[in-house]
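Asks: Following this message is one structure expressed as C-alpha cells.
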Amino acid sequence: MGEQGGKRAAKFQGPKGTRDFYPADMVRRRYIEQAWRTVSIRHGFEEIEGPTFEAADLYAVKSGEAILGELFQAFSGKSPEEVEQVRATGRAPYALRPEFTPTLARMYADRAASLPRPTKWFAIPIHYRAERPQRGRLREFLQWNADVIGDESPQADAEVIAVAVGLFTELGLSGRHITVRLSNRDLVSELLLENGVGEGNVGRALTLLDRRDRMAAEEFTRACGEIGLNAAALAERLGSIQSEMNSALAAMENGEAMPAIARRSPGIEQLKGLLAALDAQGILKWCEFDFSIVRGLAYYTGTVFEITAAGERAVAGGGRYDRLIESFGGPPTPAVGFGMGDVVLSLVLEEHGLMPEGERLAECLGTRPDAFVVSAGDESCDAAVAPLVAELRRAGLHARRSYKATKKIDKLLKDAAACWARFAVILDESWSAGRVQVKDLTDGTQHTIPRAQLAPWIAQRRAGLAV
Ligand code: HAM
C-alpha cells in the first residue's frame, strides 16, 4: 500500500470474477470478436445490441431458477419508492443482463410485424452472472449469440449449428477438438411421461435432470421420488434411443441413407429432421446425440444442444425457444439460437496453440503500423519527426514514432520491429537534402525516398504494388 500526503492510499482490485484487459489481452479479445463477427456476416446474420441492464421481470418470466439465482441486481437509488421496494422485497427493479435471449425476444416482439421471416440476428453482448468464479466461468463475460427467428424447420436448427461450426473452423479447430451434443426436450419430456412423471411435473423434472451433476446422489433420488420419476428406467430408455440415433448418424456420415428408427414420436421426428438438415450442411462429423442434455433455461422447447471441448465446461449452448416471443406479447414465433462465451473459447484456443501472437495477431487485426519514424541525425532531424508522423497520418497511414533519445540505429529498429511495423523511416543526414531512408522490415531492403513521395510510396508498397 502506498503513502500519499501522510494518508495511506487505498489500493483497489477489480471485482471478483471480472477481468482487466491490458493491450496484450485486448488484442486476443478482439481476435475472437472479429472471428465471431466475420463468421456471422458470412452466414447471413445481422448485428444487433440491446441495453446492458433490463427490467428484472424480463428474466423472471421465462429464464428459470438457475438464472434468477445468479442475477446482479441494479437500481439507481434515486427514488424513495425504489429504495423502499428493494428494502421490503430484496429485489431491485433492474438486473444486469445475465443472457441475451430475453432481450432479443423483447426486441423481436416489439417490431414483429415489420421484420422479415426468417430474421437472422447476431450479437456480442457482455453478460453478468453472480456465479462462483472458476475455470471457464466468470462473473462478467462476452457471449456471441446467433439466432434464427420465424422458422420452425429443422433446417433453421442446422443453420445455427452450422454458424457455430463455421466459427470453430475459422479459428483452426476441428471435430477432433469440439463436439456438438444434440438433444431434444420434447423427446426427453415424452420419456418422462412414460416413466412416471405427471404432465404438471415435466418442467420440474427437466430442471432436476439439468441440475443432476451438481446434486448429491441422495438429494437427486429424493427429488425424483417427489415427482414419481423412475430415473434408472428413464436413463436406460434414453440410453438405448441415443445409441440407435448415434448409429444412424454414423451411417449417414458414411454416406448411407438414414436407417429406420424403431420409436415413432414427435420428438424422434424432430431429431430425424435435424439429422437430415445437418447432413445437408455437411457437419455431421462434428455432432453426436447426448440425451443427458436438457439445458437449464426454462424457455427451451424441442432441439437443444451444447458444444464441448474435452476437459472444459461447455463452450456454447442453445436450442429452440418457440414460445418465448409470444410470452413477451409478440405473435407466436418459432426461434432457435445459441450463446458462445469467450472464456472457454479462449482456453480451448490456448490449449491447442491456436491463439495467434505477435505479428500474425497484429496482421489479423490490421494493427501493424505502416511506418515507424526515427531520428538518427541532428536536431533538425529530431524536430522533423513529429510533423512527418502527422503528415503520414493525414495520408491515412498508421504511423508511430520512437520516443527515445538514442541515435543507435539498432536500438531504434528493434523498437520498430517490436510493434511489427512494416517500414522504418529513418531521418539522417540526407534529410537536409529532402530525403529519408526507408527500411522495409519485411525483406530488409533499404531505399532513399524524397520526402514528398514518402506517403504514396509506403501506401503502394504496402498494397503489394511495385514502386
Ligand atoms: P447458456 O448455456 O447459459 O445459454 O450460456 C451459453 C454459453 O455462455 C456457455 O456455454 C458458456 O460458454 C458461456 N457462459 C455462460 N455462463 C458463463 C460464465 N459465468 N462465465 C463465462 N462464460 C459463461 C444462454 O445464455 C442462452 N441465452 C443462449 C441462447 C441464445 N439460446 C438461444 N439463443
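Going by my numbering, the first residue of the sequence shown is number 22, and it counts up by one from there.
We treat Cβ as the ideally placed atom computed from N, Cα and C, and that holds for glycine.
The structure presented is a predicted model; accordingly, all values stated were derived computationally and were not measured.
1) At a cut-off of 8 Å, is HIS373 close to the ligand HAM when judged by its beta-carbon and the heavy atoms of the ligand?
2) Can GLU75 be considered in contact with the ligand HAM, in the sense that its beta carbon sits closer than 8 Å to one or more heavy atoms?
3) Tell me whether TYR342, by its Cβ, gets closer than 8 Å to a heavy atom of the ligand HAM.
4) Ends of the alpha helix (DSSP H) at TRP478?
5) Jot down the residue ranges of each uninterrupted alpha helix (DSSP H) in the region 98 to 179, minimum 4 residues, whole runs only, in chain order.
6) Measure the beta-carbon distance from ARG40 to LEU159 and round it to whole angstroms, keeping in mind my assumption that it falls under 8 Å.
7) Could you tell me if PHE444 is buried or exposed, where buried requires 16 or more neighbouring beta carbons within 10 angstroms of its beta carbon?
8) Is there contact here, the region 208 to 216 with the region 333 to 344, by at least three beta-carbon pairs under 8 Å?
9) Have a look at MET22 and ARG29 and give me their C-alpha separation to the nearest angstrom.
10) Could you compute how far the alpha carbon of ALA252 sits from the alpha carbon of VAL218?
11) Would you mind sorting PRO44 into buried or exposed? The rule is 16 or more other CB atoms within 10 Å of its CB.
12) Would you list, in sequence order, the uninterrupted alpha helix (DSSP H) runs of no fewer than 4 residues that lie entirely inside the region 202 to 288?
13) Determine contact between the region 169 to 186 and the region 150 to 159, defined as no fewer than three beta-carbon pairs at a distance below 8 Å.
14) I'd like the list of long-range same chain contacts for LEU462, defined as Cβ closer than 7 Å, with 5 residues on each side in sequence excluded.
15) Output the distance between the C-alpha atoms of ALA484 and ARG138, rounded to the nearest integer angstrom.
16) With DSSP as the reference, identify every bridge partner of SER396, one or two as the case may be.
17) In terms of residue numbering, what span does the beta strand (DSSP E) encompassing PRO471 cover?
18) Per DSSP, what kind of secondary structure is ASP391 in: helix, strand or coil?
19) Could you check whether LEU203 and PHE359 sit closer than 9 Å to each other, using their CB atoms as the reference points?
20) Write down every uninterrupted run of the alpha helix (DSSP H) in the region 321 to 376 whose length is 4 residues or greater and which is fully enclosed by it, in chain order.
21) What residue does the beta strand (DSSP E) around ALA438 start on, and which one ends it?
22) Does DSSP put LYS37 in a helix, in a strand, or in coil?
23) I need the boundaries of the alpha helix (DSSP H) containing ASP46, first residue and last residue.
24) Can you tell me whether MET22 is helix, strand or coil according to DSSP?
25) Assign ALA76 to one of three DSSP states: helix, strand, or coil.
26) Grab the span of the beta strand (DSSP E) containing ARG456 for me, first residue to last.
27) Taking all protein chains shown into account, decide if VAL488 is buried (16 or more other Cβ within 10 angstroms of its Cβ) or exposed.
28) Put LYS32 into one of helix, strand or coil per three-state DSSP.
29) Name the one or two DSSP bridge partners that ILE199 has.
30) Specify the secondary structure class of ARG316 as computed by DSSP and reduced to three states.
31) In chain order, what residues of the same chain lie with their CB nearer than 6 Å to the CB of PHE121, ignoring the 5 residues before and after it?
32) When burial is assigned at 16 or more other CB atoms within 10 Å of the CB, is ILE262 buried or exposed?
33) Using DSSP bridges, identify the partner residues of ARG421.
34) May I ask whether a heavy atom of the ligand HAM can be found less than 8 Å away from the beta carbon of VAL184?
35) Can you name, in chain order, every residue of its own chain whose Cβ lies under 7 Å from the Cβ of ALA269, other than the five neighbours on each side?
Replies: To lay it out plainly:
1) Mapped onto the sequence shown, residue 373 falls at position 352. Checking the Cβ of HIS373 against the ligand HAM gives no.
2) Translated into positions along the sequence shown, residue 75 becomes position 54. Not so, every heavy atom of the ligand HAM lies at least 8 Å from the Cβ.
3) Looking up residue 342 in the sequence shown gives position 321. Yes - the ligand HAM has a heavy atom lying nearer than 8 Å to the Cβ of TYR342.
4) Position 457 of the sequence shown holds residue 478. It spans 475 to 483 - the alpha helix (DSSP H) in which TRP478 sits, taken as one unbroken run.
5) 101 to 110 and 122 to 132
6) What you label residue 40 is simply residue 19 of the sequence shown in a count that begins at 1. What you label residue 159 is simply residue 138 of the sequence shown in a count that begins at 1. Right, the Cβ-Cβ distance comes to about 7 Å (below 8 Å), so this counts as a contact.
7) Here residue 444 corresponds to residue number 423 of the sequence shown, with the count starting at 1. Taking every protein chain shown into account, the CB of PHE444 has 16 or more other CB atoms within 10 angstroms, so this residue is buried.
8) Under the 8 Å Cβ criterion, the region 208 to 216 does not count as touching the region 333 to 344, having fewer than three qualifying pairs.
9) The residue given as residue 22 occupies position 1 in the sequence shown. The residue given as residue 29 occupies position 8 in the sequence shown. Any reading at MET22 needs caution, since the residue's pLDDT is 43, under 50, leaving its predicted position unreliable; the model's value is listed next. Near 7 Å, if we compare the C-alpha coordinates of ARG29 and MET22.
10) Taking the sequence shown and counting its residues from 1, the one referred to as residue 252 is at position 231. Taking the sequence shown and counting its residues from 1, the one referred to as residue 218 is at position 197. Answer to the nearest angstrom: the Cα atoms are 10 Å apart.
11) Here the question's residue 44 lines up with position 23 in the sequence shown. PRO44 is exposed by the Cβ-count criterion.
12) 206 to 215, 223 to 232, 238 to 248 and 252 to 274
13) no
14) Against the sequence shown, residue 462 aligns to sequence position 441. Only ALA437, ALA438, ALA442, ARG443, PHE444 and ALA445 meet the Cβ criterion.
15) Position 463 of the sequence shown holds residue 484. Position 117 of the sequence shown holds residue 138. Taking the straight line joining both Cα atoms gives about 41 Å.
16) For this step, residue 396 is matched to residue 375 along the sequence shown. According to DSSP, which records beta bridges pairwise, SER396 is partnered with LEU448.
17) Stepping through the sequence shown from its first residue, residue 471 is reached at position 450. From DSSP, the beta strand (DSSP E) with PRO471 extends over 467 to 471.
18) The residue given as residue 391 occupies position 370 in the sequence shown. In this structure, ASP391 counts as coil in the three-state DSSP scheme.
19) In the sequence shown, the residue the question calls residue 359 occupies position 338. In the sequence shown, the residue the question calls residue 203 occupies position 182. The answer is no: Cβ separation not under 9 Å.
20) Runs of the alpha helix (DSSP H) inside the region 321 to 376: 345 to 348 and 363 to 372.
21) Looking up residue 438 in the sequence shown gives position 417. For ALA438, there is no enclosing beta strand (DSSP E); the residue is part of the alpha helix (DSSP H) that begins and ends at 430 to 439.
22) Counting from 1 along the sequence shown, the entry for residue 37 is found at position 16. LYS37: coil per DSSP, three-state reduction.
23) The residue you call residue 46 lines up with position 25 of the sequence shown. Secondary structure note for ASP46: its alpha helix (DSSP H) is the uninterrupted segment 44 to 63.
24) Within the sequence shown, residue 22 is the residue found at index 1, counting from 1. Here the model assigns MET22 a pLDDT of 43, short of 50, so the residue's position is not dependable, and the following value carries that caveat. Three-state result, MET22: coil.
25) Reading the sequence shown from its first residue, position 55 is the one you call residue 76. The answer is strand: DSSP assigns ALA76 an E or B state.
26) Here the question's residue 456 lines up with position 435 in the sequence shown. From DSSP, the beta strand (DSSP E) with ARG456 extends over 456 to 461.
27) For the purposes of this step, residue 488 is taken as the residue at position 467 of the sequence shown. Looking at its Cβ environment, which holds fewer than 16 other Cβ atoms inside 10 Å, VAL488 is exposed.
28) Numbered from 1 along the sequence shown, position 11 holds the residue referred to as residue 32. It is coil, neither helix nor strand.
29) Translated into positions along the sequence shown, residue 199 becomes position 178. ALA330.
30) For the purposes of this step, residue 316 is taken as the residue at position 295 of the sequence shown. Residue state, collapsed to three classes: coil.
31) Position 100 of the sequence shown, counting from 1, holds the residue named residue 121. Answer for PHE121: ALA144, PRO146 and ASN166, listed in chain order.
32) Walking along the sequence shown from the start, residue 262 turns up at place 241. Buried, because 16 or more other Cβ atoms sit within 10 Å of the Cβ of ILE262.
33) In the sequence shown, counting from the first residue as 1, residue 421 sits at position 400. DSSP lists PHE393 as partners of ARG421.
34) One-based indexing of the sequence shown puts residue 184 at position 163. No, since every heavy atom of the ligand HAM falls outside the 8 Å radius drawn around the Cβ of VAL184.
35) If you number the sequence shown from 1, residue 269 lands on position 248. Within the same chain, ALA269 has close Cβ partners MET279, PRO280, ILE282 and LEU296.
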